[in-house]
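What follows is a short report on a single structure.
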Amino acid sequence: MNVHLPMRYLRLSLMGLTLIASAGHAAANEGKVQAVGSFTIVSDIVEQVGGDRVDVYNIIKSGNDPHEWDPSPRDTKKTADADAVFYFGWNLEGIEGDSARYNWVRKLLRSVDKDPDAVFTLSDGIEQKKIGIVEKNKGKVNPHAFTSPRAGLIMTRNARDALIQVDPEHAEDYKANAAALSDELKSLDQAYQRELQALPEENRVLFTGERAFQYLAEDYGLEEGFIWEIDGSDEGTPAQIKRAIRFVKEHNPPSLFYEYNDDERPMNTVADATGVEVSGTLISDDIGEADSYVDYLKHNLETIVDGLSSSGSSSVE
């Protein structure tokens, strides 16, 4: 026997199922720390340290410039409701500095009147390095510390301490998760030291578009070359290209490197003028196509070793 229910009953049934699903989702999130991260590297570290105890909303997706951003209404709502907001700090989220005048995160926090005790910068404790090859950049901080695993270790510790402050009941979980991530980063630090120091000394020249790898280069003994110092500062001008060509001819690196999501034309100009080929693409301002911050670091090490060695035999796992 076929039974035909009136349409209003079907609608009520569907509404009931929707309410049950919503209730189930709310129950799953009950008790979790609701966190917001400014961009993918910050968000991934918080996710790794937070584990099952934390839900992280990431504001800037991969492929977008974290130096400047216009938050959406959803970004604003998530930030207002969050138990904790994480960003890198310095001038990463605003080239001109970490103030509400220049920094988009600071503007966002001010717009929702966020409690300062719920806001955390992962750069705390990292030693800053300055840029300033050209006069207008004199004294500016290079914000790309996270390209080095050593900075990642400090960021992990800061994420751990922040989550313990917000949710002390689950401190042991955050400590264990942070220890696991730190072990991976320590292994990567050792791999960077081992593999980059194994390169012939004359090959240890890292040439990129933006000066995003200053921390990596100084931590692991590489000579650093670049076309421009920081994004948003007139990338690929004739003066920059001329200086870059002079550097490459003087230092003769085995290869040059693109950066993910950067215009390749300035680097192609340098390659054509010097005869040095571009061997691969490094990731700098966000996780890019990597699955995690750890994979981001692995990708960069493998790409650098492959480009600067004759054998291309990176052994990082």
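Residue numbers (mature numbering (1 follows the signal peptide of the UniProt record, and there is no 0)): -28 to -1, 1 to 289. We put the beta carbon where it would ideally sit given N, CA and C, even for glycine. Small disclaimer: the values here were computed from a predicted structure and weren't measured.
Beta-bridge analysis with DSSP links Asp27 to Gln6. With 16 or more other CB atoms across the displayed protein chains lying within 10 angstroms of its CB, Gly197 is buried. Asp235 has its alpha-carbon roughly 15 Å from the corresponding atom of Glu201. Annotation: the continuous alpha helix (DSSP H) that includes Trp76 extends over Trp76 to Ser83. Close CB contacts of Lys112 within its chain, under the 6 Å cut and outside five residues either way in sequence, are with Ile103 (chain order). Membership of Ile199 in any alpha helix (DSSP H) is not indicated; the residue belongs instead to the beta strand (DSSP E) covering Glu195 to Trp200. Just measuring C-alpha positions, the residue of Lys50, Thr48, Ala52 and Asn75 sitting nearest Phe60 is Asn75.
Close CB contacts of Val177 within its chain, under the 6 Å cut and outside five residues either way in sequence, are with Glu195, His223 and Pro225 (chain order). Collapsing the DSSP output to three states places Ser154 in a helix.
In this structure, Ala7 keeps its C-beta atom at 7 Å or more from the C-beta atom of Val14. Spanning the alpha carbons of Asn109 and Ile98 requires a straight line of approximately 20 Å. Our two residues, Leu273 and Thr241, have alpha carbons roughly 25 Å apart in a direct line. Within the same chain, Ile13, Asp16, Ile17, Gly124 and Ile259 come within 7 Å of Tyr265 by CB-CB distance, once the 5 residues on both sides are set aside. Check the Cα spacing between Val220 and each of Ile136, Thr209, Arg237 and Ala245: the tightest is with Ala245. Going by DSSP, Gly279 is part of no beta strand (DSSP E) but of the alpha helix (DSSP H) stretching over Tyr265 to Leu280.
Distances from the CA of Asn63 to each of Asn114, Phe229 and Trp41 were compared; the closest alpha carbon is that of Asn114.
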